[in-house]
Structure formats: C-alpha cells, structure tokens
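Visitor:
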DNA sequence: TGGCAT
DNA sequence: CGTA
DNA sequence: GCCA
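Residue numbers (UniProt numbering): 1 to 671.
Encoded structure:
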C-alpha cells in the first residue's frame, strides 16, 4: 500500500500548462536585467516555484551571481545583502543615491526582497521594485585572489551544437570495407598501425570523474543539502522532500505550491533497492535526465570503472521507476540509490538552461556531459565500442595504443589484425548501430525461425522473442529468440562432441535458415567457451558432470530477402543486416532462459542479487542453483509444455517461486 | 569497510 | 576478452 | 557511487 506522504507540487509545472501560450501572459518581465535567486533560507521547493513564476513571466534568470543585475532573496538588510553577494564572490561597494527604478546600469547590482516577486505574481502585473530594494551595489574587483569556494555554475554556457550523438567519426567505412572477410582469419596480430602513444592515465574520462566530484557540493547542498534531509528526517525514510520551511514568503508558497499532491511510490517509502521488485516503464517521466546519466555511465564503462557503472545503473533504474517529473534534487535524493552525487547532478540539470512551464526539458544539460560529448576521446571510444566484437579494452587499445581515430583508420591500419567477427562488426557498423529493427520485422524474423525449428524438429518446437522487443521497445537493436521443445529427452546426451545434442539442434536450425537464404554470417554457434555460465542439469545429482554445460545458441547476421520496391533482376539486396540471437533451452531451463534473456541488464543484476539474498540461490539463464549444495533447485523454471503450459506461464510461475512475483516485461525497462 | 550478476 |  |  502506498504511503500517503505527500509532496507539494508547483502548479506552474508541466502537465497542466501549455507552452506556447506565453503570448497572452499579462506579466512581462523580460526587460529586466538578469535575476539571480539567493537560495539562502529558502527551501528548494520554494526556489523552484519562484523560478517557474519568473520564467513564466519571461524574466531572465541567471545562476551566476556575478552576471546578475538583480539579486532576489530572503534578505532584509543592507549589510546582509552585501554579505550574501560577497559570499558568492561578488564584491561590491554601496551606491547611495542612484536607486531609481528598474533600469539597468552596467556594473550595478540590486538586492531585492522576495516580496517584490510574490507581489507581482499574485497581482499578475509588474510592480516597481524600488520599495523592496535593500541594497544597491557597484561591482568591484575582489581585493585579493579569487576564492575557490565561489565560481562556476558552468551550466548556462550555451552548448555549441557539438557533433551530435552519432558515432560517425570517419563516416561508415562502407567504401573501404570492401575487403574480404576471411573465414578463419582470427588472432589479433599486431597491426602495422601508426601509434601515437598516449597515456590512458590522464584522459578526459578519468578527469570527468574528478570534474564531477568537484562540482558536486555547491552551495545548495552545503546549507540544506540532501544529506541533511536524509538524516534529519529520521525514521526509516518517510520519503518526503522538505516542505515549506518557514520563510517570509509564505503566501506565495501557499498559492503556488499547495495543491497537487503526489503519492510517494512504495519503492521509495519502503526504500526498496531491487529493481526487479518494482515497475519500470519504457518511457518514464524523467527520461531526459536519465539519458544524461546514461552518458556518464557510458563514460565510466569506457574508463573501466566497473563500480561506477553499477552505481549509475542503480540510480538510473531508480529514477526510471519514479512516476513523476522530478522537481528538485531534494526530491530525487529520497529515491533509493540516489544520494549526494546523483542529486547534485540533478540540481545542476534542473538549473541549467531554464525551461518554461509546459516545455520539453531536453534543452537542459549537465556540464560534464557536455564535456564528454565535445571530447574526441569519449566520442571516438564510444564509436569503437559500438563495433560488434570490440569491447572496452579493444576500443581503448585502438585509441590509445594504435592511435586510431576513425573507422577508416581501423580499416586502413588494422584490418588484418581484426578478428573475423570484428571485421563483420566493422563492415555492418552502420546497419547494426543506426538501423533499428521495427517490431513488425522482429515478428517476421521470429516467425521464420520458429517455422524453421518446426520444419527440422517437429511441430512441438516453440519460441518466444525476448530482449528489448519483449520489453515493449518500438525499435530493437537485435532479435533475441528463445526456442524450446517440451520433450526433455530431446536435449539429453552429449553425443556429437563439444556441445552435445542441444548444439546439434541449433546447428540444424541454423543450417535450415542458411539454406533458405536468411543468414549471411554466423558470428557464433555452440555452447561453452562463450559467455555466461548457463549451466544446465540434465538428470544427475552430482555437480561435477554439468559444470561446463551452457545453453546452446547461435549469434547470426540476418538479412531479409525480399526487398521493395522490387528491384531489377540481379540487383543487389539492400535490406539492412540484422543481428539475431537464437537460444535453445531444454524445457527444464525454458523459464530461466526466458527470464534471463528478457532483461534489462539492471533488472537481471538485481534479480540475481535478490535471489542470492533471499534464498541463497544462484540464478542464471540455465537454472536456479543452491549455493550450499550446488544442486539445482528442482522445478524452478521448468516448462510443463507437455501439460499444455505456455512459455510465458512458465516464466510467470518461476517469478512467483523466486519470491519476486510477476512483473510484466514492459515493466522491466531499468535503463 | 566490503560488496556490487552471471 | 567479448558476448547477452 | 551507494548501502549495510
């Protein structure tokens, strides 16, 4: 049951108010000099409301006090105003006479009480600021060295349309990738590549961490930081962002903040940290902020920071499950997995390029993300990492050791040192990365595969598309299909060498698909030696026998044969190549295979952590295992296909038995 | 301070 | 090391 | 980076 703790929401925020209706607003403050809001003694909620009100009136807000012509705050005395400015690195000398009205004078800064704003917002008309001005100063140079406590707010510098999101460095290597892809050609011989040896040590990815750290706790957090909120609001997190601290601006708050209440989600009020225990939709309200965190996470990936990946994944999953647009960093910091760092990033985000009520917020940003997007190192590593068969280590080797900067470099200087699958990854780089697969095509591919399985193995073969498609994505990066057959005996035995019977079946199915002309390349076919530890237990009670067993699978490159518009005879098939994975699961593993291959990644990691903590079990796509005895936990994930059970039913039963409970695949999008 | 999926 |  |  949901806690009834309520979060006050500013009425001027999205959802309710349309954006372009700015035209007929009564209050127009756009002629005023840049306004800086003093956070002192104001709650973040109040600050946010004031900002929204000012922005709604067209006022120009700044987050750099040095730029401000007007500073508004809960300040009642001259001396206080001067000190507030000085505390922010703005030194000034009082100006006695010239306190006229709203006019802008270069180098002048006026400190004004909040009443001025609340009055205007309440009346809906502009009010002379004169009677609310407590201090007028003329900016002067700081006496000595600049203090480091101040500065920055780099947030508002205009992002100069950097080279966008694509990985297109040297463009797709289409032209040069005419070279043959060897059948055997493996072994990463040392290329004859040029090498501009560069130390990986002080790269931007490493620096990004430090940057992020130093920019984290700024003023808002020192005074009333999220930490305080967390610790102060003592008992097991009542999950409530700071309500209206009492300030001199009560009326305004009451008018603009009062109404609209949010119910705190269970996972927040109960501090549930396992993403497998809560709903995470595909398109959450905070998706834009999440996408920025994903960029930082990718930077951590590319800098080999495994723990950073886990940390950001946790935060991302938590935010992705949050059903409301976040308003303040304090609110964010109530979510499990989101603490100081995450909330300070959000603070910077929400105060970056301000957004008008009702507008999309995708013009907001975070400084470190802008730096990443502008950096050659990050964008190039990201591009290399996008090559199928190239992981972080190889991407870094390309960049730092070989000095390559584009796909063309890879082709020109390194082609012969690439493994066969990497060559395929380069050849189809663009098709794999830019051309997502529509749902209808995924379904068509699945139909063809299931038909092929039935053709070679009988009508009882069944299959289910997992991966992103099953989680509801409109476009998929690849197709993951899990096939099974209700007859366990079909998979028993180890004849046929390495992989045993199951591999024989994949081989037959893939062979059929190749013959039919759908498969252009086989990137991997078999079991063991690959990834995962998807052990399957056939019959035995001893553990030794099946240590190396894994689910059989094939990783293929696929191409639709029919192209339209229908081309001339003999013309080339220009349909995009697709990545297709086929996984074969004996019925005893069908449930775990489906659960394991549906994802998303953080959902899977949390599922495994949960199952370990709750039962002491180990979960993988080949079964559930008791860690003490090493035995397979009987019946879990078993497909009772002979009794008419469907594959989804089977997964459902498994989730119940694991103590997780049913979760729609569409609600496993942990980002 | 150790753990973070398999 | 790379892959889901 | 967050949590127990």
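Cβ coordinates follow ideal geometry from the N, Cα and C atoms, glycine included.
Assuming residue 585 and residue 484 are in contact, meaning their beta carbons sit under 8 Å apart, how far apart are those beta carbons, in whole angstroms?
Guide: 5 Å
Visitor: Report the CB separation of residue 324 from residue 335 in whole angstroms; it is logged as a contact under 8 Å.
Guide: About 11 Å separates the two Cβ atoms, so there is no contact after all.
Visitor: Is the distance from the Cβ of residue 625 to the Cβ of residue 617 below 8 Å?
Guide: yes
Visitor: CA-CA distance, residue 519 and residue 559?
Guide: 6 Å
Visitor: Around the C-beta of residue 529, are 16 or more other C-beta atoms found within 10 angstroms, so that it is buried, or is it exposed?
Guide: Residue confidence is low: residue 529 scores 36 on pLDDT, short of 50, so the model does not pin down where it sits. Its coordinate-derived value is still stated next. Looking at its Cβ environment, which holds fewer than 16 other Cβ atoms inside 10 Å, residue 529 is exposed.
Visitor: Could you say if the region 410-421 and the region 431-439 meet the contact criterion of at least three C-beta pairs nearer than 8 Å?
Guide: no
Visitor: Using three-state DSSP, classify residue 516 as helix, strand or coil.
Guide: helix
Visitor: Using a Cβ-Cβ cut-off of 6 Å (strictly less than) and excluding sequence neighbours within five positions of residue 505, which residues of its own chain qualify?
Guide: 584
Visitor: Determine the DSSP secondary structure at residue 96, reduced to helix, strand or coil.
Guide: coil
Visitor: Once you ignore the five residues that flank residue 59 on each side, which residues in its own chain have a CB closer than 7 Å to its CB?
Guide: The answer, listed in chain order, is 29, 30, 32 and 35.
Visitor: Quick one: measure Cβ to Cβ for residue 552 and residue 502, integer angstroms, because I've assumed they're closer than 8 Å.
Guide: 4 Å between Cβ atoms; contact.
Visitor: When you compare only the Cα positions, how much space is there between residue 371 and residue 664?
Guide: Looking at the two C-alpha atoms, the distance is approximately 38 Å.
Visitor: Name the two residues that bound the continuous alpha helix (DSSP H) containing residue 387.
Guide: Unbroken run through residue 387: none, as it is neither H nor E.
Visitor: Who are the near neighbours of residue 606 in its chain, counting only those whose CB is closer than 6 Å to its CB and skipping five residues on each side?
Guide: A distance below 6 Å between beta-carbons, with the five flanking residues on each side excluded, links residue 606 to the following residues of its chain, in chain order: 274, 275 and 276.
Visitor: Going along the chain, which unbroken runs of the beta strand (DSSP E) with 3 or more residues stay wholly within the region 429-480?
Guide: 462-465
Visitor: For the beta strand (DSSP E) holding residue 559, just list the boundary residues, first then last.
Guide: 552-559
Visitor: How big is the Cα-Cα spacing for residue 421 and residue 405?
Guide: Cα-Cα distance, rounded: 20 Å.
Visitor: Considering only C-alpha positions, which residue in the set 462, 437 and 448 is nearest to residue 576?
Guide: Closest by alpha carbon: 437.
Visitor: Assuming residue 453 contacts residue 509 (C-beta within less than 8 Å), just tell me the rounded distance between them.
Guide: 5 Å
Visitor: Hey, how far is the Cα of residue 568 from the Cα of residue 444?
Guide: Rounded to whole angstroms, residue 568 to residue 444 spans 24 Å at the Cα level.
Visitor: In the DSSP assignment, what residue or residues form a beta bridge with residue 135?
Guide: When DSSP reads this structure, residue 135 sits in a beta bridge with 111.
Visitor: Might you give, ordered along the chain, the residues of its own chain that have their beta carbon closer than 6 Å to the beta carbon of residue 116, omitting 5 neighbours on each side?
Guide: 129 and 132
Visitor: Would you list the residues sitting across from residue 655 in a DSSP beta bridge?
Guide: DSSP lists no partner for residue 655.
Visitor: Could you compute how far the alpha carbon of residue 556 sits from the alpha carbon of residue 595?
Guide: 21 Å
Visitor: Which residues in the same chain as residue 425 place their Cβ atom closer than 6 Å to its Cβ, once the five residues preceding and following it in sequence are excluded?
Guide: 387, 388 and 389
Visitor: By DSSP's criteria, residue 484 is part of a beta bridge. Which residues make up the other side?
Guide: 462 and 585
Visitor: By Cβ distance below 7 Å, which residues in the same chain neighbour residue 686 in space, the five residues on each side in sequence not counted?
Guide: Residue 686 lies beyond the range of the chain shown here (1 to 671); nothing can be said about it.
Visitor: For a test of the three-state rule: what should DSSP assign to residue 524, helix, strand or coil?
Guide: Three-state DSSP puts residue 524 in a strand.
Visitor: Per DSSP, what are the beta-bridge partners of residue 35 in this structure?
Guide: 61 and 70
Visitor: May I ask you to check if the CB of residue 53 is nearer than 7 Å to at least one heavy atom of the ligand PLP?
Guide: In the structure shown, the ligand PLP is absent, as is every other ligand, since no ligand is present at all.
Visitor: Where do the ends of the alpha helix (DSSP H) carrying residue 340 lie?
Guide: Per DSSP, residue 340 belongs to the alpha helix (DSSP H) from 340-351.
Visitor: Below 8 Å, can you find three or more Cβ-Cβ pairs linking the region 326-341 to the region 258-272?
Guide: Yes: at least three Cβ pairs fall under 8 Å.
Visitor: Buried or exposed for residue 563, going by 16 or more other Cβ atoms inside 10 Å?
Guide: exposed
Visitor: Identify whether residue 624 lies in helix, strand or coil by the three-state DSSP scheme.
Guide: strand
Visitor: Anyone know if the C-beta pair for residue 70 and residue 95 falls short of 8 Å?
Guide: Cβ distance not < 8 Å, so residue 70 and residue 95 don't count as in contact.
Visitor: Bridge partners of residue 617, per DSSP?
Guide: Looking at the DSSP assignment, residue 617 forms a beta bridge with 626.
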